[in-house]
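If you read the sequence shown in my numbering, its first letter stands for residue 58, the second for the next number, and so on.
Cβ atoms here follow ideal geometry from the backbone N, Cα and C, with glycine treated the same way.
The model shown is predicted, which means the values in this text are computed figures rather than measured ones.
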Amino acid sequence: MPKKHGVAELRDKVRGCLVGTAVGDALGMPCEMMTRSDREQVLGKITEYRDSSARYSRGLTKGQWTDDTRLTLATAQGFTDAMRAPGGCTLAVITEKTLVRYIEAYREHKDRGFGKTTRTSLEDRMAGRNPHDGRNPVRPGNGCAMKSAILGVYSALSFLHAPPMFSLEDLSGEIGLLTHHDARSLTAGLIQALAAKMYVISPEIDTAEFVRYLRGGAWMYEREHPELPGGSPTISDVLSKLLQLGEASDELIADMIKTGGAAYESFPTALAYAIKYKNDFRGAVLAGANAGGDTDTIAAMAGALVGARLGMGAIPAEWIQGLEAHDEIIHIADEFFDAAFALVTVKTLKGP
58 MPKKHGVAEL
68 RDKVRGCLVG
78 TAVGDALGMP
88 CEMMTRSDRE
98 QVLGKITEYR
108 DSSARYSRGL
118 TKGQWTDDTR
128 LTLATAQGFT
138 DAMRAPGGCT
148 LAVITEKTLV
158 RYIEAYREHK
168 DRGFGKTTRT
178 SLEDRMAGRN
188 PHDGRNPVRP
198 GNGCAMKSAI
208 LGVYSALSFL
218 HAPPMFSLED
228 LSGEIGLLTH
238 HDARSLTAGL
248 IQALAAKMYV
258 ISPEIDTAEF
268 VRYLRGGAWM
278 YEREHPELPG
288 GSPTISDVLS
298 KLLQLGEASD
308 ELIADMIKTG
318 GAAYESFPTA
328 LAYAIKYKND
338 FRGAVLAGAN
348 AGGDTDTIAA
358 MAGALVGARL
368 GMGAIPAEWI
378 QGLEAHDEII
388 HIADEFFDAA
398 FALVTVKTLK
408 GP
């Protein structure tokens, strides 16, 4: 059953999603794409913010974040711009406003580790080209999932207060296609958003039911979109492993699902940590930060989900204070919440 939330609690969940993303990102940043053994030799176990020791995040210092956070914030800002647009908040307006924010983010922070697919797509779009016209390789990167939890949080706000204006599938798909074209990338983006939505509206959902629901959503999306290029394994294939892992150690989860930049590795691993540590924000993000591989993204995705479930109040205060631009991130979250809540409240008052 959906849980009833007060306005202050919902605002805290929006803050938790965005701040949780950034905290996880900053914790995983120092060892991005390092193996677990290399990370253990160079940094030991990650328990706090550290300066970067990784090639991919070279030059970043403790508490700083990467493209995962920057693109998540851009997604929230683009959506906020669309919700305030005088012509109405349509999918076309959302994608237009979000693309503007993505390009702005790329120009300002291209040294923060933007993935190849995202870089190529944004450069093509800036030049007026379609990045999905067959010129570029189709890669199953995790760039959709890293930034889509906030879409699920919006969908939850809409679900709790008014009939949704558009489906979460359509919303995540249109946003995902701005940068990615692989079925696995787009499916991972949808399921990350769907997981965030469920963690807001039904935070006490049974774990087995939660996993079956997400796997079913992935399976359905994959079959409804045969036009998308893809490959094996699919997201639904990998999600079937989650229940088999049970109370497996963090290391076994990473070894079984893998931790690379592909959507079918890093995203299900992050989801597994978010499920295992659904009541423990610290545990979720540290599991991701110490997993090896794409640690910043894994910890960011896990942090987004558990942050949305528990709210910003569950995030250690010292991590918030030590986080780059934490006040700005909270402001972006509040702007998003105010615009979303105003939109769904007006829709409720007007009726269908």
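Spatial neighbours of A142 in its own chain (CB-CB distance under 6 Å, excluding positions within 5 residues in sequence) are listed in chain order as V150. Taking 4 residues as the minimum length, the alpha helix (DSSP H) runs contained wholly in the stretch 190–233 are 206–218, 225–233, in order along the chain.
In this structure, I389 lies near L130, with their beta-carbon atoms less than 8 Å apart. The three-state secondary structure of G350, taken from DSSP, is strand.
Excluding its 5 nearest sequence neighbours in each direction, R68 has C-beta neighbours in its own chain below 6 Å: F394, listed in chain order. Between A275 and I292 a beta carbon distance of about 5 Å is seen, short of the 8 Å cut, so the two are scored as contacting.
Per DSSP, the beta bridge partners of A319 are G198.
Listed in chain order, the non-local C-beta contacts of A348 below 6 Å within the same chain comprise A311, T316, I355, local neighbours out to five positions each way being set aside. With contacts defined as CB atoms closer than 8 Å, L367 and F338 qualify as a contacting pair. The beta carbons of A213 and K254 sit closer together than 8 Å.
Q378 and A371 have their C-alpha atoms some 14 Å from each other.
Here the stretch 226–241 makes contact with the stretch 149–165; the two share three or more CB pairs at distances below 8 Å. Residue state for M369 is assigned as helix, using DSSP reduced to three classes.
Per DSSP, W276 is one residue of the alpha helix (DSSP H) stretching across 264–281. Exclusion of the five residues before and after S178 leaves P188, T236 as the residues of its chain whose Cβ lies within less than 6 Å of its Cβ. E97 has its alpha-carbon roughly 35 Å from the corresponding atom of G209. Around the beta carbon of S205, 16 or more other beta carbons sit within 10 angstroms, so the residue counts as buried. If you draw a 10 Å sphere on the C-beta of D384, you find fewer than 16 other C-beta atoms in it, and that means exposed. In the DSSP assignment, M91 is bridged to G350. Secondary structure of F398 (DSSP, three-state): helix. For the 8 Å CB-CB criterion, G77 and V363 form a contact. For G288, the closest of G340, G198, L117 by C-alpha to C-alpha distance is G198.
Annotation for D227: L148 place their beta carbon closer than 7 Å to its own, counting only its chain and skipping 5 residues before and after. C-alpha of A162 to C-alpha of L117: approximately 17 Å in a straight line. C-alpha of T92 to C-alpha of G85: approximately 12 Å in a straight line.
Here K335 is buried. Its C-beta has 16 or more other C-beta atoms within 10 Å. When DSSP states are grouped into helix, strand and coil, F136 belongs to the helix group. G120 and L247 have their C-alpha atoms roughly 28 Å apart.
Pairing L100 with S259, the inter-Cα distance amounts to about 38 Å. If one requires a minimum length of 4 residues, the alpha helix (DSSP H) runs lying completely within the stretch 293–339 are 299–302, 307–314, 320–333, in chain order.
Annotation for Y211: F136, A397 place their beta carbon closer than 7 Å to its own, counting only its chain and skipping 5 residues before and after. Look at G246 here: in three-state DSSP terms it is helix. In the structure shown, the three-state DSSP call for F393 is helix.
Contact annotation, G81 with G350: C-beta distance approximately 14 Å; criterion of less than 8 Å not satisfied. Excluding residues up to 5 positions away in sequence, M86, P87, C88, E89, M90, M91 lie with their Cβ nearer than 8 Å to the Cβ of A111 in the same chain.
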